[in-house]
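My numbering puts the sequence shown at residues 1037 to 1266. Take a look at the structure below.
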Amino acid sequence: MKYQFPIQVAPGQKLILTNPFNEPTPVDISQALNIETGTHDGVDVVLGSAMETWGREVVWPFPFPGTVYDAEVDSVFDAKIHAHSQINGTDPERGIEYSLVYLHLSAVTKTKAPTDTEVITYNKGDVIGYIGNNGAVQPPPTPAQPLAGSHLHLGLGVKNPGEANFTMVDPLTLLDINAPFVPAVAAMPEAACCGDVAIVEPAVTAAPLGFIGEAEKVISELINPTPPVV
Ligand SMILES: [Zn+2]
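Right, dumping it as structure tokens:
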């Protein structure tokens, strides 16, 4: 059985694999290379276009909770700044610990350094960040095309009972790229009478924390309007 792929899409939208696991020439050149093997240690995924891809929510996909190991907005790889998040969770039935690594994010919903003792927990479907094109992506963004290179690099580490370290494996062995998350549509309350239309506002979530350039900030506001501070 596979779990849903941790990107939230609009109904009908599909995810596209642009670079598979172990591909020797990945879209993201430096940070995704496994130092030991020199190959791509995750998968690169887009939606239909950079505009559709940038700003998409990434979520925690497992039915058991995950805790944040590391979620930063100022990670530096290849002299470029981006946001990234690493979240770990243990399958209580099999005792296997999984680690998901999300790279090139435009923003994360919460930040935490590995040395922080704060415990941040995510449950299935919780938004942990937003897809971006920060860091070493190809093609690189330009002032004319600020969203170029937008994709999610997703890495999956697996630690079996008794093992000390995570081993990076192909995320698609566990996560179904054909089954992304689709936001739940709030049930429409029955109109009292006579054609009343009830509008159900989505729940307001906290504004994401992120490293967002000026051009991206404008687009970010379009895609993810900043909710009012309450
Ligand atoms: Zn990648």
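For each residue, glycine too, the CB sits at the ideal point set by N, CA and C. From a predicted model like this one, the values you see are computed outputs, not experimental measurements.
Item	Value
Are the CB atoms of residue 1090 and residue 1162 nearer to each other than 8 Å?	no
Whole angstroms is fine: what's the gap from residue 1085's alpha carbon to residue 1172's?	18 Å
What are the residues that DSSP puts in a beta bridge with residue 1038?	Per DSSP, none; premise fails for residue 1038.
Any idea what DSSP makes of residue 1071, helix, strand or coil?	Reliability of the predicted coordinates at residue 1071 is poor, the pLDDT of 44 falling under 50, and no value is obtained from them.
Can you tell me whether residue 1100 is buried or exposed, with buried defined as 16 or more other CB within 10 angstroms of its CB?	exposed
Could you give the distance in angstroms between the alpha-carbon of residue 1269 and the alpha-carbon of residue 1103?	With the chain covering 1037 to 1266 only, the question about residue 1269 has no answer from this structure.
Residue 1190 and residue 1136 look like a contact to me (Cβ under 8 Å); what is the Cβ gap, rounded to whole Å?	7 Å
Within a Cβ cutoff of 6 Å, which residues of the same chain sit near residue 1193, ignoring the five residues on either side of it in sequence?	1135, 1202 and 1204
Taking only three categories from DSSP, how would you classify residue 1209?	helix
Among residues of its own chain, excluding the 5 on either side of residue 1052, which ones have a beta-carbon nearer than 6 Å to its beta-carbon?	1082
How big is the Cα-Cα spacing for residue 1037 and residue 1180?	43 Å
Would you say the beta carbon of residue 1189 is closer than 7 Å to some non-hydrogen atom of ligand 1?	yes
Shorter than 7 Å, the distance from the beta carbon of residue 997 to the closest heavy atom of ligand 1, or not?	Lying before the first or after the last residue shown, residue 997 is absent from the chain, which here runs from 1037 to 1266.
Going along the chain, which residues of its own chain have a beta-carbon closer than 7 Å to the beta-carbon of residue 1196, five neighbours each way excluded?	1132
State the start and end residues of the unbroken beta strand (DSSP E) segment that holds residue 1054.	1052-1055
Spatial neighbours of residue 1045 within its chain, please: C-beta separation below 8 Å, excluding the five flanking residues on both sides.	1051, 1083, 1092, 1216, 1217 and 1218
With a threshold of 16 other CB atoms inside 10 Å of the CB of residue 1147, please say whether the residue is buried or exposed.	buried
Kindly examine ligand 1 and report whether one of its heavy atoms sits closer than 7 Å to the Cβ of residue 1055.	yes
Give me, in chain order, the residues of the same chain whose beta-carbon lies closer than 6 Å to that of residue 1206; leave out the 5 immediate sequence neighbours on both sides.	1057
Residue range of the beta strand (DSSP E) that residue 1088 falls in?	No beta strand (DSSP E) contains residue 1088, which is instead part of the alpha helix (DSSP H) from 1086-1089.
Is the beta carbon of residue 1143 sitting closer than 8 Å to the one on residue 1125?	no
Within 10 Å of its beta-carbon, does residue 1115 have 16 or more other beta-carbons around it, so buried, or fewer, so exposed?	Residue placement at residue 1115 is flagged as unreliable, the pLDDT there being 47, under the threshold of 50; the coordinate-derived value follows with that caveat. The residue is exposed, with fewer than 16 neighbouring Cβ atoms inside 10 Å.
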